[in-house]
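Have a look at the structure below before the remarks.
So, in structure tokens, the structure goes:
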């Protein structure tokens, strides 16, 4: 039987580090805030025996006139290196009292110093114990994780989130800068919850962004243009599930880009399109495992207009989060009014929403498929006209099939941020979003340039000038509208 005295060994080595006795290496850590506490005197024999990074570095460095080797680590902070050097000597690390951002910095530094054991432990800690923080900082975490091959645990965590909520990447402003290996890893996922035709469109879009010289009009493309795009997408194309496309998508989306595909593959797609039972020689990847195939984007709260991703986005705006919630929405959306169920008159809104605060209005604009709306933290009042100021209200337009990115416009605390006027049968958010009369039969709603909400939520041709009568182009009616009461879960 072997008796192990690791605790005593750990304590002795920690005391050796603190004593500074017989140190032959000086490590300089770059930290502008504390320039006088950035030199660590350590023992090369311990660091080299514990870590291949330091062994390689110390072999490359000669002793100076004081018989000391000097190593500079300019990219690591004092706070992070304090933890690392104590871990190297003692084999101990405590994360309970550390901020998650510091733990993530520690992970990056541990990877740089090739501390493989610590890299795996820190990833597991973040994923298992601090997943909510990873979701909150998802964009930053995802970009970083795919620049580092050893961050496999976090990569798998991110891939799982993307599979359930693909719009967080495909709908991102940074989608075009997504690394190729990251995009390929997404395309490989069998449970990616996105229609294959839509995936194809995003892949083509990504490839075009890498070739900005390509003509905007596909009719003007040459064989060289298609060849360039094919070369860019050569790593992505094998992971498209071509035989899962609908017939409509084959005609509208694959045929125009047939030159990107190998001749045999395109021939087999055509054969399957015309004669589904005929055998083919191309590899047929399995269809993706789409959940709830009958209603892929419908929420459990039963909206006729918005998706789960929209709800998460609106919730993040209420909480003034820089990045949208991915999962674990802190709010419940309770339906109060629906036009097709309760009627489209503004009077109906005041009757049902009287004395109700924290409501979100959602409008589907007739003819454009836009989704507009606003958030009112105050109570709507059926027997009182008021104008109130707040910085908590906002108006918005949501991303749709025809519009890639959502637009958020927050109130600037002007007197008329929210206007409640049942006597005139209208309600508005300043003059930036104005609703009047019967929202479906009367074309009386409009958006105007506004001091209260400085960012327009519609494109320029649909926005009226400030303090002018609304232009004909800006007037609209709605196909449907809904109002939800927002509850904290």
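In full-length UniProt numbering, the protein residues as written are 1 to 489.
A virtual CB, placed ideally from N, CA and C, is assigned to each residue, including glycine.
Only a predicted model underlies this, so the values are computations on that prediction, with no experimental measurement involved.
Assigned with DSSP and collapsed to three states, residue 319 falls in coil, not helix or strand. In the three-state reduction of the DSSP assignment, residue 186 falls in the helix class, which pools H, G and I. Taking 4 residues as the minimum length, the alpha helix (DSSP H) runs contained wholly in the segment 301 to 351 are 308 to 318 and 339 to 342, in order along the chain.
The residues 202, in chain order, have a CB closer than 6 Å to that of residue 170 in the same chain once the five nearest residues on each side in sequence are set aside. DSSP links residue 93 through a beta bridge to no other residue. Between residue 85 and residue 163, the alpha-carbon positions lie close to 38 Å from each other.
Residue 89 sits close to residue 13, with the two beta carbons spaced by under 8 Å. Per DSSP, the continuous alpha helix (DSSP H) segment holding residue 164 begins and ends at 152 to 164.
Less than 8 Å separates the beta-carbon of residue 379 from that of residue 355. The beta carbon of residue 285 lies closer than 6 Å to those of 241 in the same chain, with the five residues before and after it left out.
In the structure shown, residue 223 falls within a helical segment according to DSSP collapsed to helix, strand and coil.
With contacts defined as CB atoms closer than 8 Å, residue 371 and residue 336 fail to qualify as a contacting pair. Between the segment 50 to 58 and the segment 93 to 101 there are fewer than three C-beta pairs closer than 8 Å, too few to call the two in contact. If you draw a straight line from the Cα of residue 191 to the Cα of residue 160, it is about 9 Å long. Nearest to residue 157 by alpha-carbon distance, out of 148, 199 and 134, is 134.
Taking the Cβ atoms as the reference, residue 428 lies roughly 5 Å from residue 419, within the contact range of under 8 Å. In this structure, residue 430 places its C-beta atom within 8 Å of the C-beta atom of residue 417. Between residue 374 and the set 368, 387, 392 and 381, the nearest pair of CA atoms involves 392. By the beta-carbon neighbour count (other beta carbons within 10 angstroms, threshold 16), residue 21 is exposed. The Cβ atoms of residue 174 and residue 139 sit closer than 8 Å to each other. With a contact defined as Cβ atoms closer than 8 Å, residue 206 and residue 214 miss out at about 13 Å.
Counting C-beta atoms within 10 angstroms of its own C-beta, residue 359 has 16 or more neighbours from the protein chains shown and is therefore classed as buried. Residue 218 and residue 224 have their C-alpha atoms roughly 13 Å apart.
Under DSSP, residue 429 forms a beta bridge with 433.
In the three-state reduction of the DSSP assignment, residue 386 falls in the strand class, which pools E and B. Here residue 257 is not near residue 318, since their CB atoms are 8 Å or more apart.
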